[in-house]
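Colleague: Please find one structure pasted underneath; my questions will follow.
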Amino acid sequence: MDPVTHFLVGTVIAGISGEKLSISDPLYLSTVLGSLMPDMDIVYQLRGHIAYLKNHRGMSHSVPGLICNAGLIALAVYLLSGYRFVALFAWALLGGLSHVFLDVLNSYGAQVLWPLSKKKYSLNLLVLFDPVLAGLCLAALFWPGSFPRVSLVILVLTVIYLLFRLYMRHSVFLFLSEQYREQDIERIIVMPAMVSLWDWSFLVETRNKYIVGEAKWLSFETGIRRVLEKVPHNHIIQKALYSKIGRLFQSFTPYYHIHYYQDGENHVVCFADLRYFVRDDFLHNAKVVLSRECEIAEAVFQPYSKKHNLSF
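Going by our numbering, the sequence shown wraps up at 321, each residue one higher than the last.
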């Protein structure tokens, strides 16, 4: 999620402490800092885009990372205020948990179980910025009445909204299951669309192809964006998959398509992240070029555009 939403959610959560709304209050300060701290992994940008993409939503979003963050925040606020360390630690940890929970709710996910697992867990419920969620939390700041009571009401409304999103996603899943029942379906993935709150992107994987499209929840109309044939894996593709860029791409997205072709004497293996489709193309891509001797001649990651080539 975006930093503004994390800040607002952290503030609302701090409200249930019973303290009067004030960012200078030790409990509010600890909770809000806890809700923002996991995204400090942005410092990896100093080492380049590749380093950032490899580490974003990794260690800082894991259980050990949250505990370390909470400890550092609690210590800093304790030294400034003299407030009880254990209470500061608990609220900083709660703020951090809210951050990771929100990140798990969108399609990018987070490595919650790092270092035991580098898998990014995702529930595919929210877009990166959800105006309903942000609006609810923003309303809490201006709602007349006791802020602790208002915070509790907003949190209940947030849970109801998330349950509604879960219902929407499941109903789209059932619709797609019925629509493609005659296909040899291996899995159906339903994700929030990048623009509309009422639309859902989907990926239907069959034995020999991927069907990528978008479904409108209100009318249950579907639009197909791409039908991609699966390519049988050969030693060229295996080499690309186990290259550094191949491993990076597989850790970056659980849903990807491989395209293979020959360009003169070279072999070209292209990867496409099937989660995001913008301006008639997939948002994130990668390419590995191998020579006739199967040596890697070029390996690039293409985040956000195929014109954006990051050599690996």
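Every residue, glycine too, gets a C-beta built ideally from N, C-alpha and C.
According to DSSP, simplified to helix, strand and coil, what is Met200?
Modeller: On the sequence shown, residue 200 is found 191 positions in, with the first residue counted as 1. Reduced to three states, the DSSP call for Met200 is strand.
Colleague: In the DSSP output, which residue or residues are listed as bridge partners for Leu237?
Modeller: Position 228 of the sequence shown, counted from the first residue, corresponds to residue 237. Bridge partners of Leu237: Tyr219.
Colleague: Mind the definition here: the region 261–270 touches the region 238–250 only if three or more C-beta pairs lie below 8 Å; say whether that holds.
Modeller: Segments in contact, yes.
Colleague: Does the Cβ-Cβ distance between Ala101 and Thr20 come in under 8 Å?
Modeller: One-based indexing of the sequence shown puts residue 101 at position 92. One-based indexing of the sequence shown puts residue 20 at position 11. Going by C-beta atoms, Ala101 is not nearer than 8 Å to Thr20.
Colleague: Return the chain-ordered ranges of every alpha helix (DSSP H) run that is complete within the region 250–317 and spans a minimum of 4 residues.
Modeller: Runs of the alpha helix (DSSP H) inside the region 250–317: 253–261.
Colleague: Report yes if the C-beta distance between Leu97 and Pro35 is below 8 Å; otherwise report no.
Modeller: Along the sequence shown, one-based indexing puts residue 97 at 88. Along the sequence shown, one-based indexing puts residue 35 at 26. It is a contact, given that the beta carbons lie within the stated cut-off.
Colleague: Just grab the DSSP bridge partners of Gly105 for me.
Modeller: Stepping through the sequence shown from its first residue, residue 105 is reached at position 96. Paired residue(s): none; Gly105 is not in a bridge.
Colleague: Run through DSSP, which three-state label would Trp100 get?
Modeller: Counting from 1 along the sequence shown, the entry for residue 100 is found at position 91. It is helical.
Colleague: Who does Trp152 pair with in a DSSP beta bridge?
Modeller: Taking the sequence shown and counting its residues from 1, one reaches residue 152 at position 143. DSSP lists no partner for Trp152.
Colleague: Which same chain residues, not among the five before or five after Leu164, have their C-beta less than 8 Å away from its C-beta?
Modeller: By 1-based counting over the sequence shown, the position of residue 164 is 155. So the list reads Val21, Ile22, Ile25, once near-sequence residues are dropped.
Colleague: Out of curiosity, what's the CA-to-CA distance linking Leu172 and Leu166?
Modeller: For the purposes of this step, residue 172 is taken as the residue at position 163 of the sequence shown. For the purposes of this step, residue 166 is taken as the residue at position 157 of the sequence shown. Roughly 10 Å separates the two Cα atoms.
Colleague: Could you give the distance in angstroms between the alpha-carbon of Val277 and the alpha-carbon of Arg56?
Modeller: Against the sequence shown, residue 277 aligns to sequence position 268. Against the sequence shown, residue 56 aligns to sequence position 47. Each residue's alpha carbon lies about 28 Å from the other.
Colleague: In three-state terms, what does DSSP make of Tyr61?
Modeller: Residue mapping note: residue 61 aligns to position 52 of the sequence shown, counting from 1. Here Tyr61 sits in helix by DSSP.
Colleague: Residues in its own chain within less than 6 Å of Cys146 by CB, not counting five upstream and five downstream?
Modeller: Your numbering for residue 146 matches position 137 in the sequence shown. For Cys146, where only same-chain residues beyond five positions count, the Cβ hits under 6 Å are Leu17, Val18, Val21.
Colleague: Can you give me the C-alpha to C-alpha distance between Lys218 and Phe286, rounded to a whole angstrom?
Modeller: Indexing the sequence shown from 1 puts residue 218 at position 209. Indexing the sequence shown from 1 puts residue 286 at position 277. C-alpha separation (whole angstroms): 17 Å.
Colleague: With C-beta atoms as the reference, is Met10 less than 8 Å away from Leu175?
Modeller: On the sequence shown, residue 10 is found 1 positions in, with the first residue counted as 1. On the sequence shown, residue 175 is found 166 positions in, with the first residue counted as 1. No; because the gap between Cβ atoms is not below 8 Å, this pair is not in contact.
Colleague: I'd like to know if the region 121–132 and the region 67–77 are in contact, where contact means that at least 3 CB-CB pairs between them fall below 8 Å.
Modeller: Yes: at least three Cβ pairs fall under 8 Å.
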